[in-house]
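Using numbering that gives the first Met the number 0, read the sequence shown as starting at 0 and increasing by one per residue. C-beta: ideal position from N, C-alpha, C; glycine also.
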Amino acid sequence: MYARRDVLRAGATLGLLAATPWLHAATPAALLTRKVPSTGEALPVIGAGTSGSFEVPAGSAAYQQLKAVLKAFFEGGGRVIDTSPNYGGADSILGQLLEEGGWHQQCFIATKIAADSPADARAQWADSLRRLRTDKVDLLQIHNLRDWQTQLPYARELKQQGKTRYVGITHYLNSGHDQVARIVRDEPLDFIQINYSVNAPDAARELLPLCQDKGVAVLINRAFDDGRLFARVKDQALPGWAAEMGIGSWAQLFLKFAISHPAVTTVIPATGRPDRQLDQLKAGQGPMLTQAQQQALIKQFA
């Protein structure tokens with residue numbers, strides 16, 4: 000259920016969009032892209048997630064607001080959207096919005112298998128296609144390594160059938176990095192998805208360099224540590240060097256940190272607000288952070 004304040008905020012944001020056409024009409028600078036090592040396909044470094052933000056009722060004020068979010072995302076050069084059958088109906092909402100907006104062809108759809116048996120995986124996959132309103136996806140990932148020994152071969156079968164172009168695995172905790180690294184060493188993968196942020200930079204020690212060596216693309220989740228980073232910087236000014244680089248918000252800085260590692264292909268922050276979507280896209284423009292700047296942030300948020 001949505002609180003009255005959430006509905007009012009959604010309505011207020013839509014009103015702002017109507018009153019400020021520049022939110023739609025501005026011509027953005029091109030987003031930086033990175034190549035998927037297994038194919039050379041270039042993907043924008045700023046993508047989007049759906050966990051939480053897309054778990055809304057169809058037709059609600061929040062749903063209408065998501066239309067504006069996706070409009071800003073695609074007009075700003077975004078392509079990669081990550082979802083899962085475990086995200087409380089988010090994949091169904093995404094599929095409906097993509098169909099209504101005519102955005103299926105623009106979208107690089109990344110979804111997941113989260114099942115414990117071959118039969119469950121087959122049923123879940125069929126349901127995912129129905130909910131996403133498509134007959135194929137771009138990336139199929141094994142969610143949090145769940146039954147990966149069974150499900151990764153199934154994902155490869157679907158790739159051979161042309162139902163997905165890429166396969167990968169995901170995790171969202173530092174504690175999963177060692178197992179992800181073992182799989183990267185032993186199994187051919189197109190992608191992994193892991194957490195990486197200014198306050199959780201462990202992946203840079205071994206896992207990200209390993210992906211570079213093995214030619215595996217990397218999606219980054221939890222770049223904001225599920226929003227906790229914003230609480231830590233409330234009422235704090237950006238570092239002077241960040242402002243001098245043209246970084247305009249803490250969100251941009253946190254995302255810029257993530258994509259400044261050369262192994263990272265795309266970071267996938269979730270938002271249900273068009274203004275925040277526009278802000279996040281700006282992180283994919285301009286220069287990357289230097290090693291010294293990255294280390295300064297890690298020290299600040301340790």
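- Between K135 and G100, the CB-CB gap reaches or exceeds 9 Å.
- Under DSSP, R33 shares a beta bridge with L42.
- Partner residues in the beta bridge of T169, as assigned by DSSP, are Q192.
- Sequence-distant partners of A29 (beyond 5 residues in either direction) whose C-beta falls short of 7 Å from its own C-beta, in its chain, are G76.
- Between V197 and L296, the CB-CB gap stays under 9 Å.
- Per DSSP, the unbroken alpha helix (DSSP H) holding V183 starts and ends at 176-185.
- Listed as beta-bridge partners of G48 by DSSP are D81.
- Three or more beta-carbon pairs drawn from the region 140-152 and the region 175-193 are found closer than 8 Å, and the two stretches are therefore classed as touching.
- Collapsing the DSSP output to three states places D119 in a helix.
- Annotated as distal: Q235 and K281, with beta-carbon spacing of 9 Å or more.
- Here the alpha carbon of W102 sits roughly 8 Å from the alpha carbon of F73.
- With contacts defined as CB atoms closer than 9 Å, V44 and V183 fail to qualify as a contacting pair.
- Annotation: A41 to L138 spans about 14 Å, alpha carbon to alpha carbon.
- For D115 against R145, the beta-carbon gap comes to about 7 Å, under 8 Å, which counts as contact.
- For A120 and S248, the gap between their C-alpha atoms comes out near 41 Å.
- Sorting T32, E205, Y165, G271 by C-alpha distance to the C-alpha of N173 places E205 at the top.
- Residue state for D234 is assigned as coil, using DSSP reduced to three classes.
- With a cutoff of 9 Å on beta-carbon distance, T110 and S83 are scored as near each other.
- A180 is the residue among R227, Q64, A180 whose C-alpha sits nearest the C-alpha of P208.
- Inside the region 189-277, DSSP marks whole alpha helix (DSSP H) runs of 4 or more residues at positions 206-213, 227-231, 239-243, 249-258, from first to last along the chain.
- Q292 has its alpha-carbon roughly 11 Å from the corresponding atom of M244.
- Here D137 carries a strand assignment [DSSP, helix/strand/coil].
- In this structure, DSSP gives K111 an extended state, which the three-state scheme calls strand.
- By the Cβ-count criterion, G239 is exposed, with fewer than 16 other Cβ atoms from all chains shown falling within 10 Å of its own Cβ.
- Pairing L96 with R275, the inter-Cα distance amounts to about 18 Å.
- Here A199 is actually not in contact with S50; their C-beta atoms are around 17 Å apart, not less than 8 Å.
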